[in-house]
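Okay, so here's the structure we're looking at.
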Amino acid sequence: MLQEVPAGETSVLSNETTTVSYAPVTGASHTIQVLAIDGPDALELLRAELAGWSVLTAPADGEALRRSGARLKRHAHAMRRDLRSDPPPREWARLVPAQPLRVVACDRPASELLGAWREAFPPDHPERVSGSDQQVLTELLQPLLTGRVLGPLLACSALVVDAEDRVVAGLMVNDRDGVAWVGDVFRRPATEFAGLGGLLLRRAMAWLSERGWNEVGLAVTVGNPAQQLYERLGFTITGTKMTLELP
Numbered sequence: 421m422l423q424e425v426p427a428g429e430t431s432v433l434s435n436e437t438t439t440v441s442y443a444p445v446t447g448a449s450h451t452i453q454v455l456a457i458d459g460p461d462a463l464e465l466l467r468a469e470l471a472g473w474s475v476l477t478a479p480a481d482g483e484a485l486r487r488s489g490a491r492l493k494r495h496a497h498a499m500r501r502d503l504r505s506d507p508p509p510r511e512w513a514r515l516v517p518a519q520p521l522r523v524v525a526c527d528r529p530a531s532e533l534l535g536a537w538r539e540a541f542p543p544d545h546p547e548r549v550s551g552s553d554q555q556v557l558t559e560l561l562q563p564l565l566t567g568r569v570l571g572p573l574l575a576c577s578a579l580v581v582d583a584e585d586r587v588v589a590g591l592m593v594n595d596r597d598g599v600a601w602v603g604d605v606f607r608r609p610a611t612e613f614a615g616l617g618g619l620l621l622r623r624a625m626a627w628l629s630e631r632g633w634n635e636v637g638l639a640v641t642v643g644n645p646a647q648q649l650y651e652r653l654g655f656t657i658t659g660t661k662m663t664l665e666l667p
């Protein structure tokens, strides 16, 4: 899933007991990243200025904000895979699913991805997203496909379709300021589609390596079993963040 990145000027809030510094986040409206907290009243300071906003922060500060009344939205690891010192096997680029499934370009409208995406992330999944289908289309899938968040879609992005040409799995990889970033990877949960996420990731990693990309990154929610797949593919955790909503 996508991970927000800070950008822009740093702002500072302070009172007699507490100072909070933060910066706006690229690709997410009404979202900030907390850079530092010094003192016990961070939530009161933030709520006074930014009620209802989302806050991205380190786990220790996030836990303190949650204890004070902020709502946890996501707790996620950032992971990276070094493609230069540990290049993936070249044959990964030629992996294909069992017939009648086939890999096609990721050039379809977001509406054709929505059904498989919804099945991949049901209400009890760690990566679930609340909201209507229209919100998922306009706030998540369309921005990823068009490059409005995370940057342009790379050609290693791909879909898997079935015999009826319906999307059953997908991978979106974006050029995030010079870093290949997995914006999303998903598949329908039926047994016959098991392994498609790993297949698409392996193909993409080989494509990226052959074209000189140094690394590929992604974000995964804590508790998502897909983290085990990422670790098997050589991804390692580089940082952990919490996203909370201010009351």
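Under the working numbering, the letters of the sequence shown match residues 421 to 667, in that order. For every residue, glycine included, the Cβ atom is placed at its ideal position computed from N, Cα and C. Keep in mind that this is a model prediction, so the values were computed, not measured.
Based on the DSSP secondary-structure assignment, which residues constitute the bridge partners of residue i?
{"i": "V581", "result": "R522 and V587"}
{"i": "M625", "result": "M625 is not bridged to any residue."}
{"i": "Q453", "result": "A443 and L476"}
{"i": "G637", "result": "R500 and W601"}
{"i": "E665", "result": "S474 and R491"}
{"i": "D458", "result": "T439"}
{"i": "T656", "result": "R500"}
{"i": "E595", "result": "A small fix is needed here, since residue 595 is Asp in this sequence, not Glu. A600, per the DSSP bridge assignment."}
{"i": "S434", "result": "T439"}
{"i": "R607", "result": "A589"}
Assuming contact is defined by CB atoms lying nearer than 7 Å, are residue i and residue j in contact in what I supplied?
{"i": "P507", "j": "S629", "result": "yes"}
{"i": "L666", "j": "R494", "result": "no"}
{"i": "C576", "j": "V587", "result": "no"}
{"i": "L570", "j": "G617", "result": "no"}
{"i": "L664", "j": "L492", "result": "yes"}
{"i": "L521", "j": "V605", "result": "no"}
{"i": "R500", "j": "E651", "result": "no"}
{"i": "A478", "j": "A639", "result": "no"}
{"i": "L574", "j": "G567", "result": "no"}
{"i": "A525", "j": "W627", "result": "no"}
{"i": "L619", "j": "L515", "result": "yes"}
{"i": "Y442", "j": "S431", "result": "yes"}
{"i": "V599", "j": "G637", "result": "yes"}
Is it buried or exposed, residue i, if we count other Cβ atoms within 10 angstroms and call 16 or more buried?
{"i": "S449", "result": "exposed"}
{"i": "G590", "result": "buried"}
{"i": "G632", "result": "exposed"}
{"i": "T437", "result": "exposed"}
{"i": "P542", "result": "exposed"}
{"i": "Q647", "result": "buried"}
{"i": "R596", "result": "buried"}
{"i": "E424", "result": "Its pLDDT being 46, under 50, E424 is placed unreliably in this model, and the value from its coordinates should be taken loosely. E424 should be labelled buried."}
{"i": "L422", "result": "Residue placement at L422 cannot be trusted, given a pLDDT of 44 that sits under 50; what the coordinates show is reported in the next sentence. Label assigned to L422: buried."}
{"i": "A480", "result": "exposed"}
{"i": "Q453", "result": "buried"}
{"i": "P509", "result": "exposed"}
{"i": "V642", "result": "exposed"}
{"i": "V440", "result": "buried"}
{"i": "A490", "result": "buried"}
{"i": "A583", "result": "exposed"}
{"i": "P707", "result": "This structure does not reach residue 707, given that the chain is present from 421 up to 667, and the question cannot be answered."}
{"i": "A614", "result": "exposed"}
Check whether the segment 609-616 touches the segment 656-663, taking contact to mean three or more Cβ pairs, one atom from each stretch, closer than 8 Å.
no
Is there contact between the segment 620-637 and the segment 470-481, where contact requires at least three CB pairs shorter than 8 Å?
no
Is there contact between the segment 479-486 and the segment 452-462, where contact requires at least three CB pairs shorter than 8 Å?
yes
Using 8 Å as the threshold, is the segment 557-566 in touch with the segment 521-533, meaning 3 or more CB pairs across them?
yes
For the segment 534-580, list the alpha helix (DSSP H) runs that are entirely contained and at least 4 residues long, ordered along the chain.
553-556 and 562-566
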